[in-house]
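Peer 1:
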Amino acid sequence: MPTLEAIIGLEVHAQMNTKTKMFCGCDNDAFGKEPNTTVCEICMGHPGTLPVPNKESIIKAVKMSLALKCTVNKNSHFDRKHYFYPDLPSGFQISQYDFPLASKGKVHYDVAGKEMVCGITRLHMENDAGKLTHRGSVTLCDYNRAGTPLMEIVTEPDLRSADEAVAFAEELRRMLIAVNASEADMFKGMMRFDASISLREKGTTKLNPRSEIKNLNSFKALERALQYEEARLRKSWDETGGPLKRDITVGWLDDDGKTRMLREKETADDYRYFPEPDIPPLLIDEKMLLQIQPEPVVLPRERKKHYLAMGLNDAEAATLIDQPEMRALFDAVYAKTDDAKRTSSLILTQLMGFLNAHGKTAADAPSVNAMLDLVIAIDDGTISGNAGKTVLEKMVTTGKSPKDIIAAEGMGQISDDSKIEAFVKEAIAKNPKAIEDYKSGKQAALGAIVGYVMKQSKGQANPGKVNEILLKHL
Ligand SMILES: [Zn+2]
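Under my numbering, the first residue of the sequence shown is numbered 1, with each subsequent residue one higher.
(1) Might you give, ordered along the chain, the residues of its own chain that have their beta carbon closer than 6 Å to the beta carbon of I292, omitting 5 neighbours on each side?
(2) When you compare only the Cα positions, how much space is there between D194 and S211?
(3) In three-state DSSP terms, what is P324?
(4) Can you tell me which residues fall inside 5 Å of ligand 1, judged by beta-carbon distance to its nearest heavy atom, and keep chain order?
(5) Start and end of the beta strand (DSSP E) containing N127?
(6) Give me the Cβ distance between P89 and A146, rounded to the nearest whole Å; I'm assuming they're in contact under 8 Å.
(7) On the DSSP bridge list, what partners appear for E187?
(8) Determine the direct distance from the alpha carbon of H108 to that of T204, and round the result to whole angstroms.
(9) Bridge partners for Q93 per DSSP, in chain order?
(10) Which stretch, first to last residue, makes up the alpha helix (DSSP H) that contains Y452?
(11) What span of residues does the beta strand (DSSP E) with I8 cover, start to end?
(12) State the Cα-Cα distance for the pair Q227 and A169, rounded to the nearest angstrom.
(13) Check each candidate in E426, S401 and N54 and name the one with the smallest Cα separation from N127.
(14) In its own chain, which residues sit with a C-beta less than 8 Å from the C-beta of N462, not counting the 5 before and 5 after it?
(15) Taking M261 as part of the beta strand (DSSP E), name the residues at either end of that continuous run.
(16) According to DSSP, simplified to helix, strand and coil, what is S196?
(17) Leaving out the 5 sequence neighbours to the left and right, which residues in its chain are closer than 8 Å to L308 when beta-carbon positions are compared?
(18) To which residues does DSSP link T155 through a beta bridge?
(19) If we count Cβ pairs, one from each stretch, closer than 8 Å, do we get three or more for the region 104-120 versus the region 154-162?
(20) Taking C-alpha atoms, which residue in K188, D339 and N36 lies nearest to C141?
(21) Alpha carbons only, please: which of Y438, F78, G25 and K403 is nearest the one belonging to L372?
(22) Taking the alpha-carbon positions, what's the R272 to H82 distance?
(23) For P209, collect the residues of the same chain with a Cβ closer than 8 Å to its Cβ; drop the 5 residues on either side in sequence, then sort them by chain order.
(24) Mind checking whether A67 and V179 have CB atoms under 8 Å apart?
(25) Identify the continuous alpha helix (DSSP H) that holds S65 and give its terminal residues.
(26) I'd like the list of long-range same chain contacts for F423, defined as Cβ closer than 7 Å, with 5 residues on each side in sequence excluded.
(27) Between which residues of its own chain and A362 is the CB-CB distance below 6 Å, once the five residues before and five after are set aside?
(28) How far does the beta strand (DSSP E) with N386 in it reach, from first residue to last?
(29) What first and last residue would you give for the beta strand (DSSP E) that runs through L216?
(30) Of the choices S440, G451, A444 and Q443, whose alpha-carbon is the least far from that of A427?
(31) To which residues does DSSP link F476 through a beta bridge?
(32) Cα separation between G113 and P300?
(33) Along the beta strand (DSSP E) that carries K106, what are the first and last residues, could you check?
(34) Does DSSP put V466 in a helix, in a strand, or in coil?
(35) The beta strand (DSSP E) spanning R135 covers which residue range?
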C-alpha cells in the first residue's frame with residue numbers, strides 16, 4: 001500500500017461586526033431580535049432597489065486582508081452569484097468572483113509548539129443569506145441575517161491534518177478579533193467553515209478530486225468532520241485502489257458523527273456569475289490603504305511573544321489575546337506599575353476570579369480608569385493591598401468606582417499617627433508576655449503585637465506606620 005497524505009483547504013465565512021448591513025442601512029445586530037424586524041426592501045431583494053456598499057465593511061475587510069499579508073487589489077468588483085433558495089429572496093448573492101478584494105497572503109500558526117504556515121488564496125466580500133428554521137412540515141424564514149456583511153477567506157490546500165486545520169482556524173479567529181473585523185462568536189454562527197479534503201500518495205504533487213464538507217459551525221465539528229472524512233477516503237482508496245473520481249459535496253451530521261453525500265459539486269458555471277450592474281468597481285490605491293491602516297497590525301502571535309517575554313505563562317498570554325477587555329486592563333495597569341507579576345495577579349487571578357465567581361464575563365469588567373484608581377488607592381496608602389481585594393470584588397458586583405466603595409464602607413487605611421499610637425499603646429498594655437519576649441531578644445514576638453493592632457483596627461491601620469510607632473515605644 002502507498003503511504004497516503006491528506007490535503008486540506010478551508011473556506012471560512014466570517015460575519016463582520018459593522019453597525020449596518022452590507023448594502024443597506026438595516027441594523028446588523030439582529031441577535032435576540034424578533035424575526036423579520038431588521039429588514040428593508042434592499043436586503044429583502046425587492047426588484048428596483050439599489051444596493052450601496054457599506055464603507056465600514058470594506059475598511060474592516062481591508063484591515064483583515066492586510067493582517068493576512070494579502071495584496072489588496074487596486075481593482076475589484078462585485079458579482080452576482082445566482083442560485084435559488086428560500087433564504088435568498090433576490091435569487092442571487094452579491095459576492096466577488098474573478099476580481100476579489102485581496103489575494104495571495106499567508107498565516108503563521110502553531111501546532112504543538114511547531115510553527116506552520118498556511119497560504120491564503122483570496123479574501124472577498126459578500127452578503128449573508130437569511131435563516132431557515134425547519135419545524136416538522138413547515139419552514140420558517142427569518143430575513144434578519146439577510147444582507148449581513150461577510151468575508152470569505154479561502155486558503156491554499158496547505159493543511160495536512162484535522163489538528164492543523166483547527167489550529168489554523170483558531171489563529172484566524174484570534175486575528176479577526178485582533179483587527180476588530182468580526183466578533184467571531186462561534187455560538188452565534190459568526191464564523192463558519194467549509195473544509196475540502198482529498199488524499200494523495202506522499203511524495204506526489206498532483207491534487208486529486210476532493211470532498212467538500214459544508215457548513216461546519218464549531219472547531220469541534222471541523223475536527224470531527226475532517227477526521228471522519230479522512231478515514232472514509234482512506235477506506236475508499238483501499239477498496240477502489242485510488243482517489244475519488246470527481247469532486248463531491250457532503251454535509252456533516254453532528255449527532256451521528258458522520259458525513260452524508262449531498263451532491264456532485266457544482267461548478268462556477270452553474271452560478272452564472274456576472275458583474276453586479278448596480279455597484280461601480282472598487283478602486284483602492286496605496287494612499288487609501290495608508291489611511292485605513294497607517295501602522296502595521298500587531299498580530300496575536302506577536303502579542304503572545306511579548307507577554308511570554310514578560311514572564312507570563314502560555315495560558316495567561318492566551319487569555320490576554322482572546323479577551324480584548326482583559327488585555328486593555330492588563331496593558332493599562334502594567335503601564336502604570338511596570339510590574340508584570342503584580343499586574344497578572346490583579347487582573348488574571350483576582351479580577352478574573354471574581355468575575356467567574358459572580359457569573360460575569362469580561363464585558364462586565366471594571367473600566368480601565370476604575371482599575372487604575374484602585375491601583376492608585378493601594379499605592380498611595382489609602383487602602384491596604386488586602387482591602388484592595390475586597391474593593392475589587394465590590395467593583396465587580398456593584399459596578400461602583402473604588403472611591404465610592406472605599407468611602408461608603410469606611411475602608412480607608414488609617415495613617416493618622418495619633419490614632420495608630422492609641423492602638424499601639426493598647427497593644428503594649430494587653431500583651432505583656434510578647435513585650436517581655438521581644439525585650440529578651442525574640443524578634444518574632446513583634447509580629448504578634450503588630451497582628452494585635454491590625455486585628456483591633458480591622459486591618460485598616462497602615463502596617464508600615466504601626467511598625468514605626470511600635471519600635472519608638474519599645
Ligand atoms: Zn435592509
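Quick reminder that beta carbons are idealized off the backbone N, C-alpha and C, glycines included. Predicted, not measured: the structure shown is a model, and the values here were computed from it.
Peer 2: In short:
(1) I59 and V62
(2) 10 Å
(3) helix
(4) C24, C26, C40, I42 and C43
(5) K114 to N127
(6) 7 Å
(7) The residue you asked about is not Glu; residue 187 is Phe in the sequence shown. In the DSSP output, where bridge partners are listed per residue, F187 has none listed.
(8) 24 Å
(9) K81
(10) A445 to Q456
(11) L4 to Q15
(12) 15 Å
(13) N54
(14) G381, S384, Q413, I414, S415 and I420
(15) K258 to E264
(16) strand
(17) D314 and A317
(18) I120
(19) yes
(20) N36
(21) K403
(22) 6 Å
(23) S198, P243, L244, K245, R246, D247 and I248
(24) yes
(25) K55 to A67
(26) V453, Q456, S457 and A461
(27) Q323, E325 and M326
(28) Segment G385 to T398 is the alpha helix (DSSP H) holding N386; no beta strand (DSSP E) there.
(29) S211 to L216
(30) G451
(31) Only positions 1 to 474 of the chain appear in this structure, which leaves residue 476 out of reach.
(32) 15 Å
(33) A102 to V111
(34) helix
(35) K131 to R135
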